[in-house]
Every structure is written in C-alpha cells, then in structure tokens.
Amino acid sequence: MRFSTNVSALKPSATLAITARARKMRSEGRSIIDLSAGEPSFATPEVAAEGSAAAVRAGRTGYPPTPGFPELREGVTRYLVETSAHAPEDPAGVLVSAGVKQALFNLCFSLFGEGDEVLVPAPFWTSYLAIVELARATPVVVPTDFDEGFALTVDGLESMRTDSTRGLFLNSPSNPSGAVMDQDTLESICAWAGEHGIWILSDEIYRRLHYDGTPAPSVFDVEDRPEHVVAMDGMSKAFSMPGWRIGWAVGPPALIKKASDLQSQTTSAAAGPSQFAAAAVLASEGREKVIADFRAILDRRRRSAHAELQGIDGLEVPLPPGAIYLYGRIDGGAADVDSAEVAEALLQETGVACVPGEAFGTPGFLRLNFSVEDEILAQGAELLRDWFSQR
Ligand SMILES: Cc1ncc(COP(=O)(O)O)c(C=O)c1O
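Quick note, the sequence shown lines up with residues 4 to 394 if you use the working numbering.
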C-alpha cells in the first residue's frame, strides 16, 4: 500500500511493539515475564474512580473545553506550585492532553518545522525522534557516557549546536537510564538555552519517582529561567494511571494557546471522565501519600532487582537514581553487540521480554522495567542471570 510522505518513514513505537509481541506470545500459551512495558503495576487510586464517576453521574459528559476543564488546569497549577519552587501560577499556561505523548506532539508540531534542529540527549525515550520527524524537523542526537552516569553537560550540548538549533529535550529522571539531573546542571543548561534562544521541552513524567534522597528538580525549580521553557507531566507514572490518558504541558500562554488550537483540530480534548479523575487525585488530601507509598515499593523493587543482577558476566546493571527502569550494558559496551538480537534471543529462549538499547539510541543495552510485581521481577531476574551465565 502506498502511504503519504507524512508517514512513509514512520516506525511504530519500539517499546509498544515489543510489549504487544510479548502479549501475543502469552495469548498463544507461552509463559512470558514482561519487563518491557513502561507502566507501574499499581491499581488506580480509589479517589480517581470516585471523581470520575461523580462527574459522569452529574451529567458532565459533554465535549470538554479544548485545553482542559478549569478544575484540572487549576489543579495542575496548584500541584506545581505546591511541589516546585518557582512554578507559574496562571492556569492559562496549562494544556491538558491525552497523555504527555500528545502534549509533546502538539508542542513539537507548533514549535518546529523544516530546517529546524532539535537536540535529543541519548539514551532517549523512544518517541522523541519520531515526534520531531513528524513535525519535519531534524532530531540531533547528543551522546552521553555510561561511565559518567549518562550526565548531560552544557559542553556536550554546545558541541552539537548549530545556527538551526531550535529545541532541546530534557528528561530527568530519564527513561531509560534513570539518570537524574542536579539543580546546578539544570540551571546552567537553562542559562545556555536562554542565551541561544533554544526552547527547552522538559519531560518530567518521572519527576516524583526518585530514590536515595536524590532530588529530581523541575525546570520550575529554576528561578532565573528563560521564557522559552515548557514542562510536561501527567498521571501515567507517579499516579499509576496510564490507561486514563491524561498528561499536560505547562509553558508560556501564547504557545499553549497555539498547541491547543492544534489539539482542537485533532482530538478536540482529552477524555472528560479522565480529566475529572485526574483533578480528583491532584486535589486529594492523600495525594502525596499515594506517591510516597508507590515510591517506597518501587525503591524496594529497584534494590532487589539490582542486587539480583549484580556479578553477571556480560551484563553491568547500575542502580538508577530515578524512574522505573534498570538499564544494563551488555559485554562492557563492546562495539559489535547487537542488543536487538540479545533481546530477541532472551524472549525466545526464556520468555523474558525487555527492550533493547537500539530503541533508545544506544545499542548495546537492555532496559528492564523494575516496577512489576515482586514475584514477576524475581523470576525475570533469575531467568536473565541464568541465561547470561550460559551464554
Ligand atoms: C519519558 C516518557 N515520556 C512520556 C511518556 C508517555 O507518557 P503518557 O502516558 O503521559 O503519554 C512516557 C511513557 O512511557 C515516557 O517514558
């Protein structure tokens, strides 16, 4: 079939594709340990179901306002003010979308186009490149170093900057590496971007999931930040609500208005009942306890999976300071490692599904989701250990 040039080079999301394959193999009767998905295993907080059901019963089921119901836009604003030091206080700067993924698409499509370059530090979340390319802009990958904890530096960014550089993705804590950017680095990157008129798109979807007392600052913790900064977050990770499809972007109202205009021509708005669920969670008294409880469980799983995967010949797994993934390096980073092949062999021979580093711009790695149930995690880690020891 012949498709348009809009999508002729488009590939499906590598992570979703692997998860779908693992599910299919399971439906065919194979025993599968799925460590590939990017979702926590927890149930939706009860208050979300109540908030959503109450709104539906009250008949609030018409089309939502395109940028989101005021309850949620105001709720997001309050949440940011309560959890970061210098958050903007105007709900007009909030766009609610069907997940951070749609918010990111709306922003990239609104900001970038042909001839524009967007810096994407690697390893990166798999959809950044595709989204930039759909906007017909050019993603420029900025390498970082495993031995430096994948830390991003101004020097690294400056080395890839050209006169066409218009944007920069930040993602701290990072999917897939779990790397967390400290406040000083974030401040220096904000200053550098401001100096060169580069938009910062800060994907903060794992912002609340950090461990060991390591804070994960938001761009809204930087007081002296340039105007060209947008932060994104949502309900999928810290509140374990990925299926509700609620995310948001917060930035200058003029940009939010343009991105909302785009949304008005595509999806109209994020689903209303989901917006009321999210608003109920953000406004709830128990909100911070929900996050703290999730984080405590995730921390335990992170430590136990990390401990289980130490001392394996051919796989180095650092303890990540944030997010929900272990990112292991195969064979000491040898140039000839085909991690897609390794992931495929693992899946076929052990039933363990994980995502190869190719999906994140760093071949030679495997990403494992440590936020799955304890038992599944223990089984997966054991199978991995055995497989690598016999390899
Ligand atoms: C870094 C990152 N950004 C965005 C998303 C998408 O989030 P949402 O479910 O809000 O679309 C994910 C999901 O895995 C992610 O890991």
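C-beta atoms are modelled at their ideal positions from N, C-alpha and C, and glycine is treated no differently.
DSSP, read as helix, strand or coil, puts TRP202 in strand. Scanning ASP150, GLY152, VAL145, GLY170 for the CA closest to the CA of SER162 turns up VAL145.
Within the same chain, and ignoring the five residues on either side of ILE134 in sequence, the residues whose Cβ sits closer than 6 Å to its Cβ are LEU107, PHE108, CYS111. Between GLU230 and SER221, the CB-CB gap reaches or exceeds 7 Å. Under the three-state reduction of DSSP output, LEU160 falls in the helix class. Residue ranges of uninterrupted beta strand (DSSP E) with 3 or more members, entirely inside the stretch 68-151 and ordered along the chain, are 97-100, 120-124, 141-145. The closest heavy atom of ligand 1 lies 6 Å or more from the beta carbon of TRP247. THR18 is classed as buried because its beta carbon has at least 16 other beta carbons within 10 Å across all chains shown. The beta-bridge partner set that DSSP reports for PHE368 consists of ARG332. PRO176 is positioned such that its CB atom lies closer than 7 Å to that of TYR209.
By alpha-carbon distance to VAL253, the top candidate from ASP296, ARG211, PRO70, LYS240 is PRO70.
DSSP places PHE153 in no beta strand (DSSP E); its state is neither H nor E. With respect to ILE203, VAL232 sits close: the two C-beta atoms are nearer than 7 Å. According to the DSSP assignment, ASP296 belongs to the alpha helix (DSSP H) that extends over 290-311.
The C-beta distance from SER113 to LEU265 rounds to 6 Å, short enough to fall under 8 Å.
Cβ neighbours of GLY354 within its own chain (closer than 8 Å, five residues either side excluded): MET28, ARG33, SER34, ILE35, ILE36, LEU386.
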